[in-house]
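Residue numbers (UniProt numbering): 1 to 244. Every residue gets a Cβ at the ideal spot worked out from N, C-alpha and C, and that includes glycine. Scroll down for the structure; my scribbles are underneath it.
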């Protein structure tokens, strides 16, 4: 596993698409906090935490894209054959990628969202409720890691970069977009989305029970983590049965 992790780190930092996507993901939340403060667009019933992390949802989508590209990019370039030749145990390869994605995204996301909250608090002043940043910020960073693992699972199953990115973005966006079409079931449909868990963790006023379900923030994140683990298990099974 140690050698596999070293290989995956070299590949990750050698591919521009994953590096730049991760960089943009890490940078995005802070300008969002500045924009909300500059435009004075924070609603009176919202919190500084929710306003400062306005761009955390698109940032989390980029985290999912990073996870998808880590595996699907190797299939698209054909380097997956070399990877499996160097590490014949495919489960080890998937495990190393999962550790790299989850750990790397968490280490990038936690300082990013923390800085966004501090900047938002400094610029917005005392006219708004600040919310409870801890341990919520830890959960927000964890949501980025979960989204990355979800992308990794989808990338392993789809094995095509464009298809994997489209699929994982659909998983993140479609429940919220189509939830209102299901009437009273909206809270159940939209509530299963990773974006719903993120909105609850950021304590935004948009995260109402009618829109994103009545589950609390941490149980909602646990639900998303649960089906992400199941999807990773399905990806592991498919990886072992398919040819490279």
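Out of the options, which one is the CA nearest neighbour of residue i?
{"i": "residue 172", "options": "241, 10, 3, 228", "result": "228"}
{"i": "residue 13", "options": "238, 101, 53", "result": "101"}
{"i": "residue 30", "options": "225, 111, 194, 125", "result": "111"}
{"i": "residue 72", "options": "209, 207, 45, 150", "result": "150"}
{"i": "residue 130", "options": "93, 23, 53", "result": "53"}
{"i": "residue 178", "options": "217, 169, 190", "result": "190"}
Where does residue i sit, in a helix, a strand or coil, going by DSSP?
{"i": "residue 54", "result": "coil"}
{"i": "residue 236", "result": "helix"}
{"i": "residue 15", "result": "coil"}
{"i": "residue 213", "result": "coil"}
{"i": "residue 40", "result": "coil"}
{"i": "residue 136", "result": "helix"}
{"i": "residue 202", "result": "coil"}
{"i": "residue 118", "result": "helix"}
{"i": "residue 26", "result": "helix"}
{"i": "residue 242", "result": "coil"}
{"i": "residue 60", "result": "helix"}
{"i": "residue 78", "result": "coil"}
Buried or exposed for residue i, going by 16 or more other Cβ atoms inside 10 Å?
{"i": "residue 8", "result": "buried"}
{"i": "residue 38", "result": "exposed"}
{"i": "residue 237", "result": "exposed"}
{"i": "residue 193", "result": "buried"}
Per DSSP, which one or two residues make a beta bridge with residue i?
{"i": "residue 47", "result": "129"}
**OP:** Mind listing, in chain order, the continuous beta strand (DSSP E) runs of no fewer than 3 residues lying wholly within the segment 141-200?
**Re:** If we require 3 residues or more, the segment 141-200 turns out to have no beta strand (DSSP E) run fully inside it.
Complete alpha helix (DSSP H) runs within the segment 80-115 (minimum length 4 residues, chain order):
Taken in chain order, the complete alpha helix (DSSP H) segments of 4 or more residues contained in the segment 80-115 are 80-86.
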